[in-house]
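Under the numbering used here, think of the first position of the sequence shown as 675, with each following residue one higher. Every residue, glycine too, gets a C-beta built ideally from N, C-alpha and C. To start, the structure itself, in structure tokens.
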Amino acid sequence: MFQRLHGMLADGDARFRVMEHAAEGNSHKVAEIRGTEVGQGAKAMLCRLADEAGQFVLAVLPGDERVDFAKVAAAVGARKVRLAVAVDAEAATGCVIGAIPPFSFDPAIRLVVDPQLLARYREIAFNAGRLDASMVLDSDDYLRLAKPLLADIRKESA
675 MFQRLHGMLA
685 DGDARFRVME
695 HAAEGNSHKV
705 AEIRGTEVGQ
715 GAKAMLCRLA
725 DEAGQFVLAV
735 LPGDERVDFA
745 KVAAAVGARK
755 VRLAVAVDAE
765 AATGCVIGAI
775 PPFSFDPAIR
785 LVVDPQLLAR
795 YREIAFNAGR
805 LDASMVLDSD
815 DYLRLAKPLL
825 ADIRKESA
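Given below as structure tokens:
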């Protein structure tokens, strides 16, 4: 996955940089290692559609926010979605939880991104298919290359 991402970004003339670091999947700890803000991290959460076997949604939002599963379901016209279990997430993406990048290379995985991630930051950061490697990518280049569905999928603060 790391090589695939790197090749796609390089071929797409994206503005990005790679950081290798100690393996870390925790949003707060990896932000500290990267020298980025927690919210800059593109938290990618794989969700399974309850009414469509083998169909997923990759919900991407700022690392300091929580996902609202009802909003994710509404964004893709599904009745209900739930977080995919680790074994299913790894089988579908080829990555362990915490290393899933905010890109979908599979038509069975729809990509939904909360626009606040891109509005708040000029660059986004993410684990690049490995827990020991991150990429920091220009937000406009991410939008251009990933072509996500943009929808508010953040849980409202209480």
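Any 3 or more C-beta pairs closer than 8 Å across the region 814 to 830 and the region 760 to 769: no
3 or more residues per run - each beta strand (DSSP E) lying fully within the region 699 to 772: 716 to 723, 730 to 736 and 755 to 757
Element boundaries [alpha helix (DSSP H), containing residue 791]: Run containing residue 791: 789 to 794, per the alpha helix (DSSP H) assignment.
Per DSSP, cross-strand counterpart(s) of residue 784: Among the bridge pairs identified by DSSP, residue 784 is matched with 731.
Min CB distance residue 803 to chain C below 8 Å: Note that chain C does not occur in the displayed structure, where there is just one protein chain.
Where residue 682 falls: helix, strand or coil (DSSP): Helix at residue 682.
Simplified DSSP assignment, three categories, for residue 804: strand
Residue span of the beta strand (DSSP E) that contains residue 691, given as start and end: Its beta strand (DSSP E) spans residues 690 to 694.
Close beta carbons around residue 726, own chain, < 8 Å, minus the five adjacent residues each side: 752
Given residue 676 as reference, the closest of 806, 783, 813 and 823 once Cα atoms are compared: 806
Backbone secondary structure at residue 812 - three-state DSSP: Assignment of residue 812 by DSSP, reduced to helix, strand and coil, places it in the strand class.
Collapsed DSSP secondary structure at residue 665 in the structure displayed: Any question about residue 665 goes unanswered here, given that the chain covers just 675 to 832.
Three or more C-beta pairs below 8 Å linking the region 788 to 803 and the region 703 to 719: yes
Helix, strand or coil at residue 820 according to DSSP, with G and I counted as helix: Helix at residue 820.
Nearest residue (CA-CA) to residue 695, options 737, 708, 789 and 702: 708
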